[in-house]
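>
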Amino acid sequence: MTHYVKWKGEDCWTKAPVGRYDGPMNAQNAAGLSTRALHGGREADEALVTVPKTMPLYETSVFVYEDLAQVDDYLAGNPDNYMYTRLGNPNQRALELWGRDLEGGEEAVACASGMAALMTVISAACGAGDRVLAARDLYGGTQSLLKKELARFGVEPVFVDLGTLTAADFTPSTKLVLAETLSNPLMVAADIPRLGDLARQHRARLVVDNTFLSPVLFRPLEHGADAVIHSTTKYINGHSDATGGLIVTDSAWAAACRRVVHNAGALLAPFEAWLTLRGAKTLALRMDRHTANARSVAAWLEGQTSVARVFSPELDSHPQRDLVRRLLTRGCGGMLSFTLAAADEAQALRRADRFIQSLALIQFAPSLAGVTTTVSHPGKTSHRGLSPAELAAQGLSLGTIRLSVGLEDIDDILSDLRTALEAAAGEE
Ligand SMILES: *Cc1c(COP(=O)(O)O)cnc(C)c1O
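Heads up: the sequence shown begins at 1063 in our numbering, then just goes up one per residue.
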């Protein structure tokens, strides 16, 4: 039973400490030094009356029960009741509720990483003999997950160009279509409403990786997707200091995902959830500034003779201009790529290396979507396994640079890029 006591003699009742810790050391109180070292200070938390303005970090692996009825209450599904952090924790739950609200889904599940979210959502929906139609240009980690792990359990990935997906690509065992809102690094947009219709017609479900846009710029569930996943490591956290993932979908699929997460131990840790939610508070402000800065950078790059091509959904030259205008009405975020002008691939690689080395403000970091501007080199990082011919077949070159445009003053970003472009095109 919960015991209530008068708090400091005021007209206010609060929960009494339930343990046997007996207060300060004196003649009446018998607890030994080991007990005191273990339990001292507990009442500061247990007798808390005022509510903290920001959510505290619940860095605890387990929760304390007062009686057996509370165990029954937990097992009956009371969402405010916790048992063991692998099965749920208030910080992780807070991020789930945030994700559910922002993406507009019924339920959300927070995972240890974007990859954990993908593994969870696919394995909750598929078993041996099921097929997944996956975009050919998916994030490398997702391709590897499908080919190297899920395929071993009989889930068959079929890699296709989602832009030309038709009814003929579906079989009765096709369970999922897996798409990214914007591809990496060429910024190809997926026609989510069309993919959702096709999937529905064939009793398959559409999963959208919305990492590159965030729910501020696009909400796939409103356009026919059945589940959304995020690497919260990227824009949602935004500060490059925590790895995490999020799934938002209907209640039934989310319950299946939660079971996978519990059994696999793939839950997001409390501190990572806490950091992510702290970052997420400024998401709308950040996305608008990322978009404005990326728009300026893309337009400026397009005017440079040392740049052969710019890939940005913000530009009128984007091959899917109409689709982008229709779906991404608030903006396209901070990601873009460009290819340095070069006579051949050897020169392109030398120029890309000189470009990266000549940047002063902008850092070379093979991740994305943080508050500061970073560059990456797909040919040597995410697409390292591809030969020059395979790169060319995808529209990439060893002179292709991916830019994650940050929140700095635009003049400082442009000035750093100008200096590095001049250096890249300089003496061979
Ligand atoms: C980074 C990323 C992932 C993987 O997320 P992690 O948090 O690194 O596990 C998945 N999809 C996309 C589009 C990503 O950029």
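Glycine included, C-beta positions come from ideal geometry on N, C-alpha and C. Since the structure is predicted, the reported quantities are computational estimates derived from the model, not experimental observations.
Just checking lysine 1296 against ligand 1 - is the residue's beta carbon closer than 8 Å to any of the ligand's heavy atoms?
For ligand 1, at least one heavy atom lies less than 8 Å from the Cβ of lysine 1296.
> With distance defined between alpha-carbon atoms, name the residue in Glu1169, Gly1461, Ile1298 nearest to glycine 1396.
Nearest of Glu1169, Gly1461, Ile1298 to glycine 1396, Cα basis: Ile1298.
> Starting from threonine 1012 and walking both ways along the beta strand (DSSP E), at which residues does that stretch end?
This structure cannot speak to residue 1012, because the chain is shown only from 1063 to 1490.
> Would DSSP call threonine 1076 helix, strand or coil?
Annotation note: pLDDT 48 at threonine 1076 (below 50); position unreliable, no value reported.
> Any heavy atom of ligand 1 closer than 8 Å to the CB of methionine 1177?
Correct: methionine 1177 has its Cβ closer than 8 Å to ligand 1.
> According to the Cβ coordinates, are asparagine 1153 and proline 1440 closer than 9 Å?
In this structure, proline 1440 does not lie closer than 9 Å to asparagine 1153 by Cβ.
> Put glutamate 1446 into one of helix, strand or coil per three-state DSSP.
In the sequence as presented, glutamate is not what sits at residue 1446; that position holds arginine. Note: arginine 1446 maps to coil in three-state DSSP.
> For glutamate 1119, I'd like the list of residues in its chain whose CB is within less than 7 Å of its CB, leaving aside the five on either flank, ordered along the chain.
Correcting the residue type first, residue 1119 is leucine in the shown sequence and not glutamate. Same-chain partners within the cutoff: Asn1153, Pro1332, Phe1333, Trp1336.
> If contact is defined by three or more beta carbon pairs under 8 Å, each pair taking one atom from either stretch, is the region 1457-1475 in contact with the region 1398-1413?
Taking 8 Å as the limit for Cβ pairs, the verdict is that the region 1457-1475 does touch the region 1398-1413.
> Counting only the same chain and skipping the five closest in sequence on each side, list residues whose C-beta sits under 6 Å from that of tryptophan 1360.
In the sequence as presented, tryptophan is not what sits at residue 1360; that position holds alanine. Same-chain partners within the cutoff: Val1372, Ser1374, Glu1376, Leu1377, Leu1398.
> Any contact between the region 1349-1366 and the region 1134-1150? By contact I mean 3 or more CB pairs, one from each, below 8 Å.
No, the region 1349-1366 does not touch the region 1134-1150.
> Is the number of C-beta pairs between the region 1166-1183 and the region 1302-1315 that are closer than 8 Å three or more?
The region 1166-1183 vs the region 1302-1315: in contact.
> Would you mind reading off the limits of the beta strand (DSSP E) that contains alanine 1370?
Here the beta strand (DSSP E) through alanine 1370 covers 1369-1373.
> To the nearest whole angstrom, what separates the beta carbons of valine 1270 and alanine 1316, a pair I think is in contact under 8 Å?
About 15 Å; that fails the 8 Å criterion.
> If you follow the beta strand (DSSP E) that alanine 1170 is part of, which residue opens it and which one closes it?
Where alanine 1170 is concerned, the enclosing beta strand (DSSP E) stretches over 1169-1173.
> Tryptophan 1075 to leucine 1110, Cα distance in whole Å?
For tryptophan 1075, the predicted model reports a pLDDT of 46, less than 50, meaning its position is unreliable and no value from the coordinates is stated.
> Between the region 1316-1331 and the region 1179-1186, do at least 3 Cβ pairs fall closer than 8 Å?
With the cut-off at 8 Å, the region 1316-1331 and the region 1179-1186 touch.
> Taking all protein chains shown into account, do 16 or more other C-beta atoms lie within 10 angstroms of the C-beta of asparagine 1151, making it buried, or fewer, making it exposed?
So asparagine 1151 counts as buried.
> Looking at C-alpha atoms only, which residue of Thr1435, Val1433, Ser1459, Val1217 is the closest neighbour of valine 1369?
The residue with the shortest Cα to Cα distance from valine 1369 is Ser1459.
> If you draw a straight line from the alpha carbon of glycine 1203 to that of glutamate 1211, how long is it in whole angstroms?
Looking at the two C-alpha atoms, the distance is approximately 11 Å.
> Can you name, in chain order, every residue of its own chain whose Cβ lies under 7 Å from the Cβ of arginine 1480, other than the five neighbours on each side?
Correct list: empty, nothing qualifies.
> Would you give the residue range spanned by the beta strand (DSSP E) that proline 1219 belongs to?
1218-1222 is the extent of the beta strand (DSSP E) around proline 1219.
> Mind checking whether the beta-carbon of glutamate 1169 lies closer than 8 Å to any heavy atom of ligand 1?
It does not: the Cβ of glutamate 1169 is nowhere closer than 8 Å to a heavy atom of ligand 1.
> With distance defined between alpha-carbon atoms, name the residue in Lys1115, Arg1265, Gln1205 nearest to glycine 1447.
Ranking the options by Cα distance to glycine 1447, first place goes to Gln1205.
> Would you please state the rounded distance, in angstroms, between the beta carbons of glycine 1306 and serine 1175? I believe it to be under 8 Å.
Indeed they touch by this definition, with Cβ atoms about 6 Å apart.
> Helix or strand or just coil, what does DSSP make of leucine 1195?
Strand.
> Taking 9 Å as the cut-off, decide whether the C-beta atoms of glutamate 1158 and aspartate 1192 are in contact.
No, the pair does not count as a contact, with Cβ atoms beyond the cut-off.
> What are the partner residues of glutamine 1425, as DSSP defines its beta bridges?
Glutamine 1425 is bridged to Thr1436.
> Using 8 Å for Cβ pairs, my map puts leucine 1389 next to histidine 1285. What's the rounded Cβ distance?
With a Cβ gap of about 7 Å, leucine 1389 and histidine 1285 count as contacting.
> Determine the closest residue to serine 1276 out of Ala1431, Glu1407, Ala1422, with distance taken between C-alpha atoms.
The residue with the shortest Cα to Cα distance from serine 1276 is Ala1431.
> Tell me where the alpha helix (DSSP H) around methionine 1397 begins and ends.
Note, methionine 1397: premise wrong, no alpha helix (DSSP H); beta strand (DSSP E) at 1397-1402.
> Counting along the chain, where does the alpha helix (DSSP H) carrying glutamate 1018 start and finish?
Outside the displayed span of the chain (1063 to 1490) sits residue 1018, for which this structure offers no information.
> Using DSSP bridges, identify the partner residues of isoleucine 1254.
Per DSSP, none; premise fails for isoleucine 1254.
> Check each candidate in Asp1163, Ala1156, Val1124 and name the one with the smallest Cα separation from threonine 1147.
The candidate whose alpha carbon is nearest that of threonine 1147 is Val1124.
> Spatial neighbours of aspartate 1478 within its chain, please: C-beta separation below 7 Å, excluding the five flanking residues on both sides.
Taken in chain order, the residues that qualify are Leu1421, Ala1422, Leu1423, Ile1424.
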